[in-house]
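J.:
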Amino acid sequence: MSDLESKIGINFNAVKCPVCGEKQPAIRKPKGLYEILWGGYTCKNCGCKMDKFGKARGK
Ligand SMILES: [Zn+2]
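Take the sequence shown: its letters are residues 1481 to 1539, numbered as in the numbering used here.
1. Out of curiosity, what's the CA-to-CA distance linking residue 1528 and residue 1522?
2. Any heavy atom of ligand 1 within a distance shorter than 7 angstroms of the CB on residue 1515?
3. Using CA atoms only, rank isn't needed, just tell me which of 1524, 1538, 1493 and 1494 is closest to residue 1510.
4. Just the Cα atoms here: how many angstroms apart are residue 1537 and residue 1515?
5. Is residue 1495 a contact residue of ligand 1, with contact defined as CB to any heavy atom under 7 angstroms?
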């Protein structure tokens, strides 16, 4: 990701699950408050939670 993308907090690239590599859909229903506030994904393949950059989130 470029400096600009990390600064403005938008990831234009497709996000892949850090665990299983499943591509996350661009449009999804947020699961929980974190995703409503910050974006991010819950992998529907393995259930891993990641942020909008595709980095695994801690529990
Ligand atoms: Zn996954």
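All C-beta atoms, glycine included, are put in the ideal place defined by N, C-alpha and C.
T.: So, from the listed chains and residues:
1. Looking at the two C-alpha atoms, the distance is approximately 6 angstroms.
2. Checking every heavy atom of ligand 1 against the Cβ of residue 1515, none is found closer than 7 angstroms.
3. 1524 is the residue among 1524, 1538, 1493 and 1494 whose C-alpha sits nearest the C-alpha of residue 1510.
4. C-alpha separation (whole angstroms): 11 angstroms.
5. No, the Cβ of residue 1495 stays beyond 7 angstroms of every heavy atom of ligand 1.
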